[in-house]
Structure formats: structure tokens, C-alpha cells
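A.B. asks: The opening position of the sequence shown corresponds to residue 1 in UniProt numbering, with each subsequent residue numbered one higher.
Where a beta carbon is used, it is the ideal one built from N, C-alpha and C, also for glycine.
It should be emphasised that the depicted structure is a prediction, and the values quoted were computed from it without experimental measurement.
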Amino acid sequence: MNRRTTYKKIGSMAALVALLFTSCYEIIPVEKSLLSEEELIPILKDIHIAEALLTETVDRRKKDSLARFYYGQIFELHQVDSATFNKSMHAYFTDPPALDSLYQEVIDAIGEEKKTLLGDKKAPKREK
């Protein structure tokens with residue numbers, strides 16, 4: 001077998017593999033969120049603050065029970081059920097640019113709350 005035949009076989013195999021990969025590709029349709037961005041931002045802010053608190057808990061069972069409690073309180077506070085929240089988040093997962101924009105707003109909201117809680121105090125500088 002000469003080189004030319006070998007290259008043709010490799011090229012044919014590469015084309016076949018490329019065809020198989022592209023034929024399996026399916027565009028995920030963008031879904032519409034049940035909750036608006038304005039409704040989701042405070043919920044996600046509270047969830048991320050709760051998750052930060054949970055990182056301080058060492059006991060696994062206590063952490064799971066606290067997580068259920070925190071999430072229940074958050075959903076009750078915002079008058080949303082977990083199914084509606086999950087469906088809304090799933091809709092955002094189908095639209096990465098919208099999800100990125102949503103999370104930028106959440107990060108900004110957390111930053112604003114931190115500023116409010118700390119006042120105008122600046123973090124003390126560390127000595128080297």
C-alpha cells in the first residue's frame with residue numbers, strides 16, 4: 001500500500017467521523033423563564049448567601065438539613081415554589097448569554113448588599 005492510498009483512507013475516515021459528529025448535533029431551543037430576571041435576582045442572591053453560610057458547616061447531615069431549611073425559607077420569603085424556580089433556571093440554562101447577564105446582576109446585588117452591611121468601611125490592609 002502506498003502513501004497516497006493511506007492518506008485517502010485517513011481522509012475518508014476523518015470525513016466520516018466529522019459527518020457523524022455534525023449529524024448528532026442538535027440546537028437546544030431557548031425556553032422562556034417562568035420568573036422574570038427581576039424576580040430571580042433577589043432569590044439567587046439569597047441562595048448564594050445561604051450557600052456561603054453552608055460552607056462553614058462541617059457536619060454533612062447538619063449541612064443538608066440546614067440547606068433544606070434555608071431554601072424553604074428563601075422560597076417562602078419570595079413567594080415562589082421550588083418547581084417554578086427550577087423551571088426558570090432550566091430556561092436560563094438554555095440561553096447562556098441571558099444566564100451570564102443574570103449572574104452578573106446577582107454578583108452586583110451581592111456586592112451592593114455587602115457594601116450596605118459594611119458601610120463605607122474599607123477592609124483593613126494586611127501587614128506584610
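Can you tell me whether Val-58 is buried or exposed? The criterion is at least 16 other CB atoms within 10 Å of its CB, across all chains shown.
C.D. replies: The residue given as residue 58 occupies position 58 in the sequence shown. With fewer than 16 other Cβ atoms within 10 Å, it is exposed.
A.B. asks: So, is Lys-128 buried or exposed, given that buried needs 16 or more other C-beta atoms within 10 angstroms?
C.D. replies: Here residue 128 refers to the residue found at position 128 when the sequence shown is read from its first residue. Because the pLDDT of Lys-128 is 46, which lies under 50, any placement of that residue in the model is unreliable, and the number read from its coordinates should be weighed accordingly. Per the 10 Å Cβ criterion, exposed.
A.B. asks: Phe-75 and Phe-85 look like a contact to me (Cβ under 8 Å); what is the Cβ gap, rounded to whole Å?
C.D. replies: By 1-based counting over the sequence shown, the position of residue 75 is 75. By 1-based counting over the sequence shown, the position of residue 85 is 85. With a Cβ gap of about 7 Å, Phe-75 and Phe-85 count as contacting.
A.B. asks: Report yes if the C-beta distance between His-78 and Pro-42 is below 8 Å; otherwise report no.
C.D. replies: Indexing the sequence shown from 1 puts residue 78 at position 78. Indexing the sequence shown from 1 puts residue 42 at position 42. Closer than 8 Å, so yes.
A.B. asks: Quick check: the segment 3-18 against the segment 35-50, are at least 3 beta-carbon pairs closer than 8 Å?
C.D. replies: Not touching, per the Cβ criterion.
A.B. asks: Is the beta carbon of Leu-54 sitting closer than 8 Å to the one on Lys-63?
C.D. replies: In the sequence shown, the residue the question calls residue 54 occupies position 54. In the sequence shown, the residue the question calls residue 63 occupies position 63. Against a cut-off of 8 Å, the Cβ pair of Lys-63 and Leu-54 comes out as a contact.
A.B. asks: What does the Cβ neighbour count give for Leu-118, buried or exposed, with the cut at 16 atoms within 10 Å?
C.D. replies: Translated into positions along the sequence shown, residue 118 becomes position 118. So Leu-118 counts as exposed.
A.B. asks: Short check: CB of Leu-34 to CB of Ser-88, under 8 Å?
C.D. replies: The residue you call residue 34 lines up with position 34 of the sequence shown. The residue you call residue 88 lines up with position 88 of the sequence shown. It is a contact, given that the beta carbons lie within the stated cut-off.
A.B. asks: Using the C-alpha atoms, what's the distance from Glu-31 back to His-48?
C.D. replies: Taking the sequence shown and counting its residues from 1, one reaches residue 48 at position 48. Taking the sequence shown and counting its residues from 1, one reaches residue 31 at position 31. Approximately 24 Å, taken between the alpha carbons.
A.B. asks: Give the straight-line distance between the Cα atoms of Phe-93 and Lys-115, rounded to the nearest whole angstrom.
C.D. replies: Translated into positions along the sequence shown, residue 93 becomes position 93. Translated into positions along the sequence shown, residue 115 becomes position 115. Cα-Cα distance, rounded: 29 Å.
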